[in-house]
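See below for the structure under consideration.
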Amino acid sequence: LNCGLEDTYAYYSEEDLIAGFKKTCAFQPRVIKQNRGSAGEGIWLCWLCSGKYCKNYGDRLLEDNEWLKLMEMNDNHMEYHTVGEFLEFCVNGPTSAKAGNWMSTFPGKYLEGGKEAGGQLVDQRLL
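Under the numbering used here, think of the first position of the sequence shown as 13, with each following residue one higher.
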């Protein structure tokens with residue numbers, strides 16, 4: 013069933029998240045939402061610091077070393093991380109050596125437990 017914009021995804025695995033986010037965020041600013049909680053925790057607005065989005069969806073993929081401006085919706089604080097650090101935080105949390113230093117008080121690990129435990133991220137265009 014096809015519905016919604018072509019660059020809207022639900023991710024259940026690390027591999028799908030990495031491949032998908034690097035494609036979608038290269039195209040447009042994003043909203044990344046976890047499948048747990050209701051007060052804005054685990055909901056991130058994501059922009060490229062460079063502002064250099066590709067014209068057509070799929071024209072390019074982000075590199076791990078490109079910088080993101082991130083806003084967590086539970087308290088609207090801003091963080092700046094590389095694509096690689098953000099993806100590492102989403103999968104393995106802020107204590108992972110590859111995640112960098114985070115101000116967020118929430119643990120990341122949004123895919124933890126798999127689909128059966130609600131481990132999911134939704135990736136949609138920030139309009």
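All C-beta atoms, glycine included, are put in the ideal place defined by N, C-alpha and C.
Quiz item: Could you give the C-beta distance for Arg72 and Cys58, rounded to a whole number, given that I count them as a contact under 8 angstroms?
Solution: Going by Cβ atoms, the distance from Arg72 to Cys58 rounds to 16 angstroms, so no, they are not a contact pair.
Practice problem: Quick one: give me the first and last residue of the alpha helix (DSSP H) that Glu27 is part of. | Solution: Glu27 -> alpha helix (DSSP H) spans 26-36.
Quiz item: Do Tyr69 and Glu18 have their C-beta atoms closer together than 8 angstroms?
Solution: Going by C-beta atoms, Tyr69 is nearer than 8 angstroms to Glu18.
Quiz item: Taking the alpha carbon of Glu97 as the point to measure from, which residue in His89, Thr36, Leu74 has its own alpha carbon closest?
Solution: The shortest Cα separation from Glu97 among His89, Thr36, Leu74 belongs to Leu74.
Quiz item: Going by the CB atoms, is the gap between Phe101 and Ala111 shorter than 8 angstroms?
Solution: By the CB criterion at 8 angstroms, Ala111 and Phe101 fall inside the cutoff.
Quiz item: Do Lys45 and Val103 have their C-beta atoms closer together than 8 angstroms?
Solution: Not in contact: Lys45 and Val103 (Cβ atoms no closer than 8 angstroms).
Self-check item: Beta-carbon separation (whole angstroms), Met83 vs Trp56, contact threshold 8 angstroms
Solution: Contact annotation, Met83 with Trp56: C-beta distance approximately 7 angstroms; criterion of less than 8 angstroms satisfied.
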